[in-house]
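Going by UniProt numbering, the sequence shown opens with residue 1, and the numbers climb by one from there. The structure appears right after this line, and notes come after that.
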Amino acid sequence: METAALVSPVTALEFLQDAFLLTGEGPVLTVYSLQHRPKACASLSVLQNYRIHGIRPRSLAAERSSILGPNFYDIVVFGGKAVRLVRLHVDLQDGEHLRLEILGPLMELQDWALDVRWLSGDKHSLLGVAVAHNSALLLDIRTGNALLQRSCLEGCLLYSALLLVHESWDDTILVGGTVFNQLVLWKPGAGGDESSNSKHKAPVERRLLGHSGVIFSISYLQEKGWLASASDDRSVRVWGVGALGGPGGKCGDLNPSCLRVLYGHQARVFSVRLSPGNVFSAGEDGACLVWDWAGEGKVVRMLKGHKAGGVRALAISEGRADGERWVATGGADGGVRLWRVEGSEEGMDTTEEAATEKLTDLRFTGQGLPKAVCIAGEEDTNAPWIQSKFVVCTDLGTVYQYSDRAVGDGMAGDY
C-alpha cells in the first residue's frame, strides 16, 4: 500500500545554508526552497515506521561539486531507534530542482537516539550518537557499525541530549537532560583506549540544578558560553557554563551559574534555541517566544500562527551579515510557519513569510457549520479572491460549491 498524503505533527526542522528548510513529518523528509517564495521542492519517506526527530546536514567539500552538475549534501535523519543517510541533490542552475536519494539501509540501534552529530575532522563519515540511557556511540555511517560505546556513571534515563563534537571523538562533550530534572555534562571520549571498553563508565564532570520538571530541549551558544534548557516546568533557563567541547574536550567553568530564569509560556516548553542577542523558545501553548537578552530577559516578540496544538519543532538559521535570519516552527497541526527576523542584539523586527492571509466573507447559508474551505482549481495571485471558486465542507457531511458569480449571494450549488 502506498501513502498518497500524510498530515501529522512536524517534529523536526533544520535550515541548510539559509537557502533550504528541511522538515520531518512522520517518516517523511521534505525540502523547502527559500530562494524566492517558500515552496516544497522534494519529499521522500526515509524512516519507515519511525517518526523523524532530528535532521543533521553535512556540507561536502567544494571540490566535490561541479559547476556543470548538481551540488549535493549528505544528511543524517534520525528518530526513535533509527538512523539513515540521505543525499540531497541541488541543481546549481536555479537552486530549486531538488532530488532526495537514500544512500544506505535503515540502521536500527538498541536504544533511542536523542542527538546525532557529524565529526567535523573525520574523512570517513563517522557520527556521534547520544542515546536515551545516558550513553554515546561512535557510528560508522557507511557500515552501520558502532565502533565505540561509552556510558556515564549516572545511568539514568534522558529526555533530551546535546552532543558537542569537534574533530575527534576524544573532544566530544555530552549534555544530558535527565529524568531527575538535572543537566549532566560528561566526556564520552575520555580515558583514551579505555573508552573502547563498554564496561568503563565516564564520570559526571558538571551538574546543573534548578528545574522542577524534566528537560525537553538543550541549546548551546559557543561564542557566549551559554547553555539553555527548556523544561516541563514551563520555564527556560540560561546557564553560564563557559567553553564546552573543542580541542581537548573542555567542560567549561568549574562552577557554572544560572544567568536567567524565563517564564512566559502557558504550558510545557518543548524547544529552545540561542542566538547572540535572543533566546527563542516554543511550547505546548502553540507560541514561539523571543526573549531579549540585552535587557531584562523579557519577551519582545510572540510568534504565533499554528491553528491548533503545540509547537514541537523550532529552528533558527545562522543569519546573514546584516543580522537577518529565519525562524521556523513546526506544529502539531502539521504546518510549518516561517518568519524572517531582522535585527541584532540591540533590536529586531519580525515578518511572517507564510502566504498572505486574505479574508473573504462567504455569507454561508448552507446546512451545518463549515469545517473546511478550499479554493477549487489553482489560485491566481493577481486576481481578487472574489472571483475565485470555493468548496465548503460542513460538519453534516454536505459539500457546497461557491462560484465566482454567486460568492456574494450564498450557495451556488451542493453535491
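Yeah, the Cβ is synthetic: ideal placement off N, Cα and C, and Gly gets one too.
Between the beta-carbon of G334 and that of E25 there is about 7 Å, and that keeps the pair under the 8 Å contact cut. Within the region 167-211, there are no complete alpha helix (DSSP H) runs of at least 4 residues. DSSP links W226 through a beta bridge to L221, G240. Going by C-alpha positions, E296 is about 42 Å away from A82.
CA-to-CA, the gap between L262 and A12 works out to about 24 Å. Residues of the same chain with a CB within less than 7 Å of the CB of W186, apart from the 5 flanking positions on each side, are C152, L174, A202, P203, V204, E205 in chain order. When secondary structure is reduced to three states using DSSP, Q401 falls in the strand class. Excluding residues up to 5 positions away in sequence, G128, V165, P188, G189 lie with their Cβ nearer than 6 Å to the Cβ of T172 in the same chain.
If you ignore the 5 residues before and after F20, its C-beta comes within less than 7 Å of the C-beta of V31, Y32, S33, L34, all in its own chain and listed in chain order. Here I141 is buried: its Cβ has 16 or more other Cβ atoms, across all protein chains shown, within 10 Å. The beta carbons of H133 and N181 sit no closer together than 8 Å.
Here the C-alpha atom of L396 lies approximately 54 Å from the C-alpha atom of L139. Contact between D115 and L162 holds, with the beta-carbon distance rounding to 6 Å and staying under 8 Å.
Counting along the chain, the unbroken beta strand (DSSP E) around C152 starts and ends at 145-152.
For G330, the enclosing beta strand (DSSP E) stretches over residues 325-331. Rounded to the nearest whole angstrom, the C-alpha separation of Q17 and P57 is 10 Å.
Annotation for N49: no beta strand (DSSP E) segment contains it, and DSSP assigns it neither H nor E.
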